[in-house]
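Residue numbers (the UniProt record's numbering): 1 to 82.
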Amino acid sequence: MKQLAFYDDMNMIEVYKTNIDKRSEAKSILSVIRETVPGSDPSIDLEDCDSVLRVEHPTSRLHESTIREIVNRFGYDMEVLP
Numbered sequence: 001m002k003q004l005a006f007y008d009d010m011n012m013i014e015v016y017k018t019n020i021d022k023r024s025e026a027k028s029i030l031s032v033i034r035e036t037v038p039g040s041d042p043s044i045d046l047e048d049c050d051s052v053l054r055v056e057h058p059t060s061r062l063h064e065s066t067i068r069e070i071v072n073r074f075g076y077d078m079e080v081l082p
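Shown next, in the form of structure tokens:
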């Protein structure tokens with residue numbers, strides 16, 4: 001079973017492997033995620049071999065499909081990190 005998210009204090013954290021490789025596009029993707037997922041604090045580690053996308057937010061609702069749609073809209077793929 002894949003681990004989609006975990007909790008840190010009272011926030012949910014969703015973690016994904018991506019193929020995002022451009023800093024400018026990463027900034028744009030993060031901006032759209034912030035606008036779309038209220039209260040979220042997303043980050044992308046471009047130094048990591050998996051270009052890990054981490055989205056922390058204060059709700060218990062999973063946002064995988066919304067985040068996937070945003071990432072795909074920019075021409076990138078993502079998958080849940082176990």
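We put the CB at the ideal spot given by N, CA and C, even for glycine.
Output yes or no for whether 7 Å exceeds the beta carbon distance between residue i and residue j.
i	j	result
E25	D41	no
I33	F74	no
If you draw a straight line from the C-alpha of residue i to the C-alpha of residue j, how long is it?
i	j	result
S65	I44	17 Å
R23	Y16	17 Å
residue 87	I67	Here the chain comprises residues numbered 1 to 82, so residue 87 is not present and cannot be evaluated.
S51	V80	12 Å
N11	R61	11 Å
H63	E69	10 Å
L46	M78	14 Å
Buried or exposed: where does residue i fall if 16 or more other Cβ atoms within 10 Å of its Cβ makes it buried?
i	result
Q3	Residue placement at Q3 is poorly supported in this model, since its pLDDT is 47, which falls under 50; the coordinates are not used for a value here.
Since residue i contacts residue j with CB under 8 Å, what's their CB separation in whole angstroms?
i	j	result
T18	V71	6 Å
Y76	I20	5 Å
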